[in-house]
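Presented below is the structure to which this report refers.
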Amino acid sequence: MISKQVGPALKAAGFKRSSGTFRLRSGDGDAIVLEFQGSGSSGGDLSLFYLNMAASTGGFLRWQATRGFVEAPRLPRTMPSQWWNRLDAAPDFVDAVVPGFPIGRDTWRLTSPKAAKRCGDLLAAALPARILPQIEKILDHYRQIDDALRAGQVVLPPPPSTALGGFHFVKKPDHPYLAWALSESGGSHGG
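Here it is, written out as structure tokens:
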């Protein structure tokens with residue numbers, strides 16, 4: 000239900016939808032992926048879900064294809080990606096296992112159709128206005144790394160600071176993607 004509510008706002012931002020997954024692609028193959036993942040703990044009037052978020056450059060997705068993820072360039076997913084995280088639930092919808100403890104803060108809890116409507120409205124407004132600009136900032140970070148790689152240099156600036164946090168998977172000079180991208184560009188490790 001939530002993915003249907005946020006669909007129009009994400010479509011207006013350029014996303015394409017496939018089931019509960021939304022993908023925004025650039026001409027270079029870069030991708031932002033938002034995936035609504037239901038929880039097996041849902042049942043009855045209780046609905047639990049996560050909102051997985053990911054960003055990858057086209058180069059990274061092509062590298063993933065060489066590693067066995069052959070659909071990555073055509074149909075990127077939240078994993079594998081260069082950056083990944085789950086969106087923390089808004090205070091009215093958080094399913095905290097222990098109040099004040101971070102476990103469960105990324106689990107969204109809906110207990111009624113009215114709550115689902117409010118949650119969908121909140122996400123439809125927040126995703127394009129606040130969340131996507133932060134993910135774009137993260138993707139721009141990886142685009143800068145790829146630009147340097149095409150110039151034959153390994154340049155790894157610190158990731159941008161965003162409220163989203165998350166996991167940056169290409170952050171050390173020995174990451175295998177960097178060597179692959181350099182070999183593709185004909186460059187050498189210029190550190």
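Sequence positions in the sequence shown follow numbering that gives the first Met the number 0 and run 0 to 190. All C-beta atoms in this analysis are idealised placements derived from N, C-alpha and C, irrespective of residue type, glycine included. Predicted, not measured: the structure shown is a model, and the values here were computed from it.
- Listed in chain order, the non-local C-beta contacts of T110 below 7 Å within the same chain comprise D44 and L45, local neighbours out to five positions each way being set aside.
- For the pair Y49 and G39, the Cα-to-Cα distance works out to about 11 Å.
- Counting C-beta pairs closer than 8 Å gives three or more between the region 154-165 and the region 136-143, which meets the contact rule.
- The continuous alpha helix (DSSP H) containing V5 extends over residues I1 to A11.
- Only buried fits Q63, as 16 or more other CB atoms lie within 10 angstroms of its CB.
- Sequence-distant partners of D94 (beyond 5 residues in either direction) whose C-beta falls short of 8 Å from its own C-beta, in its chain, are L47, A88, G103, T106, W107 and R108.
- Within the region 105-168, the runs of beta strand (DSSP E) at least 3 residues long that lie entirely inside it are, in chain order, 107-109.
- Distance check between R149 and each of S182, A128 and A11 places S182 closest, using alpha-carbon atoms only.
- Taken atom to atom, the span from the alpha-carbon of G58 to that of Q81 is near 10 Å.
- Apart from the 5 residues on each side of it in sequence, K171 sits with its Cβ closer than 8 Å to the Cβ of L155 in its chain, given in chain order.
- Taking a C-beta distance under 8 Å as the contact criterion, G26 and L60 do not qualify as a contact pair.
- In terms of CA proximity to A53, A30 leads the group P175, M0 and A30.
- If you draw a straight line from the Cα of H174 to the Cα of M78, it comes to about 17 Å.
- Judged by their CB atoms, A8 and A178 are not nearer to each other than the 8 Å cut-off.
- Counting other Cβ atoms within 10 Å of its Cβ, A11 stays below 16 and is therefore classed as exposed.
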